[in-house]
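Accompanying notes for the structure given below.
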Amino acid sequence: MTQPDLLPTLERIAAALERMSPPPPSLDGLSTADAFVWRPESGKLDPVAHVAHVDIGLLRGVESQQTTLLENTRHFARGLSANNAMLWGSRGMGKSSLVKACHASVNAEFGAAPPGEGKLALVEIEREDLSTLPELLGLLRRAPRSFIVFCDDLSFEREDRDYKALKSVLDGGISGRPANVLFYATSNRRHLMPREMIDNERATAINPSEATEEKVSLSDRFGLWLGFHPCSQDTFLEMVRGYARERSLTISDEDLCMRANAWSISRGGRSGRVAQQFIDDLSATLST
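When we follow the working numbering, the leftmost residue of the sequence shown carries the number 5, and every step to the right adds one.
And the structure:
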């Protein structure tokens, strides 16, 4: 086959390879919403029309954490210095709810705006996609908006690519964290690693303190470290009353508390999530 005869074949191969390659990252659709999900396979931010968030006034038992995170988010929205934040602790106590509520509350404080014109944009990244964080930050660095990159339920079983990527991003790397990006994460683990892994490293290492410090160094890179702890019965009932008032449920306080306590016993614990699940069930029961 002569060289001219090879040309059409080579062109078809080149076209096929181009179709197989991932598209370049794009900011298309950035002005259509105030919340997005990062899709690294397509290099795009998928708009989220309606964020499932709880009004910040309904969050109970986390007033101190709420004040701190809300103020930090306000500083960021105003262009002031702000810290990356780690929200850790008991499941169901409102860690991710607080992040979403702060985002909505700060945007509302800066004035109601059509979708895509909020002061802050919230970008959710999956734990499995953390290795693409540098790519995402490079994309957001070019954008005209400010972003809170949010990773829910963050934890690591070992120091993998995702662990190292996040560690590099929190350190800033050679290019530094973009001024228009802040990172918020939630985790049930205080140090993001399993307790037994840290203890085993301490027991087997030649220098135990150095080994332990290496394992906890990632969580130390968050400027804000907010703990969430199990709530008391009084706080749980306060949560239940708040949700009941919001939905205008017709029920006496005595009956409400009795049913709520029975529900929490059946669930084996009390938390904001359990309170909301109880109210969902009660709302349906009272409607029948």
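Ideal placement from N, C-alpha and C gives every residue a C-beta, glycine not left out.
- Setting aside the 5 residues that flank it on each side, D224 has no residue in the same chain whose C-beta is closer than 8 Å to its C-beta.
- Nearest to E258 by alpha-carbon distance, out of R193, R245 and G61, is R245.
- Put simply, of L241, W229, P44 and I60 the residue whose alpha carbon is nearest the alpha carbon of W92 is W229.
- Using a Cβ distance threshold of 9 Å, V41 and L74 do not count as a contacting pair.
- Non-local C-beta neighbours of R277 in its own chain, meaning closer than 6 Å and more than five positions away in sequence, comprise G96, ordered along the chain.
- Taken atom to atom, the span from the alpha-carbon of S256 to that of L286 is near 13 Å.
- In this structure, DSSP gives K123 a state outside helix and strand, which the three-state scheme calls coil.
- In this structure, T190 is the residue among L143, T239 and T190 with its C-alpha nearest to the C-alpha of L102.
- Annotation: the continuous beta strand (DSSP E) that includes A39 extends over A39 to R43.
- Collapsing the DSSP output to three states places D156 in coil.
- The beta carbon of F282 sits closer than 6 Å to those of A264 and W267, all from its chain and outside the five residues before and after it, given in chain order.
- Rounded to whole angstroms, the gap between the alpha carbons of A89 and G227 is 6 Å.
- For the options L144, A86 and S100, the alpha carbon positioned closest to that of C155 is the one of S100.
- For D50, the enclosing beta strand (DSSP E) stretches over residues K48 to P51.
- The beta carbon of T77 is closer than 6 Å to those of C106 and V110 in its chain, skipping five residues each way along the sequence.
- In terms of Cβ geometry, G120 and D38 form a close pair [threshold 9 Å].
- By the C-beta density criterion, G272 is exposed, having fewer than 16 other C-beta atoms within 10 angstroms.
- DSSP places L174 within a helical segment (H, G or I) once states are collapsed to three.
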